[in-house]
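Residue numbers (mature numbering (1 follows the signal peptide of the UniProt record, and there is no 0)): -38 to -1, 1 to 294.
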Amino acid sequence: MCISRPQTPNRLLQRLLTVTASLLACVMLAGISGQATAGAAPLAHRAPWGGYEEVWVPSEMGPIKVQIQWASRGGNAALYLLDGLRARNDRNAWTFETNALDQFRNDNVTLVMPVGGESSFYTDWMAPSNFNGQQTTYKWETFLTRDLPNYLETRGVSRHNNGVLGLSMGGSAAMTLAAHHRDQFKFAGSLSGYLNLSAPGMREAIRVSMLDAGRYNVDSMWGPPWSPLWLRNDPFVVAPQLAGLSLYVYAASGLPGPFDQPNAPIEYFNTATGMGLEALALANTRAFEFKLNSLGIPATFSFPAHGTHSWPYWSAELWKARPQILNTLNAW
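As structure tokens, then:
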């Protein structure tokens, strides 16, 4: 028969201290273990909730300014808006020639508007232009598909849930970028883009246009007219690679419409120029439509009876494309 002995106060105190130390050690180990798990887990970046920001993103061309309107509720989708042939170095024209920011302000998609790239076709050039003293070689495709998504990913924007839309030069680029970078873009849109660069006279027309817009030498871009780079950057040629993408394609007739109200000589001149440019874009886009139809690739086409090559029409067309963009990127 065992008889328990009464414990002395010293032994009770010693046991109490032992139990307390053991409990404290368990709590500390649990805390340390929890911190290690949290530290080992990958950081979860979230895009800012709404608001506008201008940032500078490193590139092979030097720092590039990018204007950004963040998704209204921190979503991971982005829409790249590309400028035209006469892109400026201070602002992307979508931010001041249109109401694009207002159109998407309450939507869960980030608008990404790179600044610069005059006459670049947003492609990687072979060399600096030797007609205007250009100091660096354009590397816009590398920037838009590597450097910029690398930066945006640190701010919570997905590398794979993006759309790209442009006008004129930017429309051509949007299609070729989407064709060559299917992992990045789910949607591509062209507004008055030149989508059949292999058509007779198009390469010569581009050469003249680029000389007029900054004295750029097209041979520094894609080489002579027989270079394979011309084919790589022709939406008509790379059309088979667009299968499965959500596509929106617009070109008007070139006839003056509701946004054409010239009153001064310069305005009449600009309207006439816009008529010719849009008629050429329409011919290119109709050929592109035929090519997609022959391949069985569906797209949304918009061919209004009136409209010239000018910003008010592109702003209105962006609004029409908006539901398709938001549906594709799940960004309502």
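The beta carbon of each residue, even a glycine, is placed where N, CA and C say it ideally should be.
Simplified DSSP state of residue i, which is helix, strand or coil
i      : result
N112   : helix
L(-27) : Bear in mind that a pLDDT of 39 at L(-27), under 50, signals an unreliable position, so the model cannot answer this.
M183   : helix
P10    : coil
S152   : strand
A40    : strand
W87    : coil
S(-17) : Per-residue confidence for S(-17) stands at a pLDDT of 42, beneath the threshold of 50, marking its modelled position as unreliable; the derived number appears in the next sentence. Residue state, collapsed to three classes: helix.
F66    : coil
E16    : strand
N158   : coil
F105   : helix
A55    : helix
N94    : coil
A(-9)  : Because the pLDDT at A(-9) is just 33, under 50, the model does not fix this residue reliably, and the point stays unresolved.
M(-38) : In this prediction, M(-38) scores a pLDDT of 39, lower than 50, which makes its location untrustworthy; the coordinate-derived value is nonetheless stated afterwards. Coil.
W294   : coil
Run of the beta strand (DSSP E) containing residue i, from where it starts to where it stops
i    : result
Q29  : I26 to Q31
Y212 : S208 to Y212
F263 : T262 to S264
Y230 : Run containing Y230: none in the beta strand (DSSP E); it sits in the alpha helix (DSSP H), P227 to L257.
M75  : V71 to P76
L127 : N124 to L129
Beta-carbon gap between residue i and residue j smaller than 7 Å
i    : j    : result
S134 : Y100 : no
T138 : N195 : yes
N54  : D45  : yes
Y212 : S91  : no
F66  : L73  : yes
S209 : A261 : For the sequence presented, residue 209 should be read as Leu rather than Ser. Cβ atoms of L209 and A261: closer than 7 Å.
S160 : W87  : no
G216 : E240 : yes
T290 : K148 : yes
K282 : A201 : no
A40  : V119 : yes
S81  : G176 : yes
N232 : N123 : no
T85  : E59  : no
W32  : L43  : no
A214 : P266 : yes
R108 : E115 : no
A243 : S154 : yes
Residue i, enclosing alpha helix (DSSP H) - first and last residue
i    : result
K282 : W273 to L291
V170 : M164 to D174
L47  : Premise fails: L47 is in no alpha helix (DSSP H) and is neither H nor E.
R192 : According to the sequence provided, residue 192 is Trp. The question's Arg does not apply to it. Where W192 is concerned, the enclosing alpha helix (DSSP H) stretches over P190 to R194.
Of the listed residues the options, nearest to residue i (C-alpha basis)
i           : options                   : result
P10         : I30, P25 and M23          : I30
L288        : G95, D45, A150 and T107   : A150
F93         : R117, M172 and T290       : M172
P162        : K27, Q203, L110 and A249  : A249
E166        : V19, F147, W188 and Q146  : W188
N203        : G236, F231, A140 and I168 : Residue 203 is actually Gln in this sequence, not Asn. If we check each option's Cα against that of Q203, A140 comes out closest.
N158        : A62, F265, A293 and M131  : M131
W184        : A89, Y42 and G118         : A89
P76         : R121, E15 and R117        : E15
G79         : G24, A267, A243 and L244  : G24
P47         : P285, E279, W273 and L280 : Looking at the sequence provided, one finds Leu at residue 47 rather than Pro. When each option's Cα is compared against that of L47, the closest is W273.
R169        : W192, S154 and A205       : W192
F263        : L207, R284 and S152       : S152
S34         : W18, R8 and V28           : R8
N51         : G37, Q146 and W18         : W18
I259        : L43, G236 and F198        : F198
L106        : G95, T98, T116 and A136   : A136
L280        : D222, D174, H143 and G128 : G128
N112        : Y230, Q146 and R284       : Q146
residue 343 : A226, L110, A278 and L257 : In the structure as shown, the chain starts at -38 and stops at 294, and residue 343 therefore has no counterpart that could be examined.
D174        : G36, N255 and A49         : A49
G236        : T247, H268, E251 and N255 : H268
G12         : P224, P227, G95 and R117  : R117
Y275        : F221, G95 and R144        : F221
Any non-hydrogen atom of the ligand FAD within 6 Å of residue i CB
i    : result
A213 : Only the bare structure without any ligand can be found here, which leaves the ligand FAD out of the picture.
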